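In the working numbering, the protein residues as written are 609 to 691. Reviewing the structure listed below.
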Ligand SMILES: [Zn+2]
């Protein structure tokens, strides 16, 4: 994937590339520019905190057991037939 030093320049660019702030394949200078952006931009700083919290929460979710998937599917189909 191509990396540009401008990938974290604007708020929109930072939001689009937020998952790449910690990506070791992105040059250190580019990641540093992203961190510099976070130092002066409260909105992006808040966004990145929310992003990281969401990612952490999703890592702790467990996939439902296959029988749970099946019962959910059966319940959904029954609900669709009624609707
Ligand atoms: Zn910003």
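Just so you know, even glycine gets a beta-carbon here, dropped at the ideal spot from N, CA and C. All figures in this text were calculated on a predicted structure; none of them were measured in a lab.
Check: Going by the CB atoms, is the gap between residue 613 and residue 638 shorter than 8 angstroms?
Finding: Taking the chain shown and counting its residues from 1, the one referred to as residue 638 is at position 30. Taking the chain shown and counting its residues from 1, the one referred to as residue 613 is at position 5. Against a cut-off of 8 angstroms, the Cβ pair of residue 613 and residue 638 comes out as a contact.
Item checked: Element boundaries [alpha helix (DSSP H), containing residue 674] -> Position 66 of the chain shown, counting from 1, holds the residue named residue 674. Run containing residue 674: 674 to 690, per the alpha helix (DSSP H) assignment.
Note to self: Need the endpoints of the alpha helix (DSSP H) that residue 663 sits in, please.
What the structure shows: By one-based count along the chain shown, residue 663 stands at place 55. Here the alpha helix (DSSP H) through residue 663 covers 650 to 668.
Notebook entry, point to check: Any chance the CB of residue 622 is under 7 angstroms from a heavy atom of ligand 1?
Noted result: Taking the first residue of the chain shown as position 1, residue 622 is located at position 14. Indeed, a heavy atom of ligand 1 lies less than 7 angstroms from the Cβ.
Checklist line | Given 8 angstroms, three or more beta-carbon pairs between the region 654 to 661 and the region 624 to 634 | finding: yes
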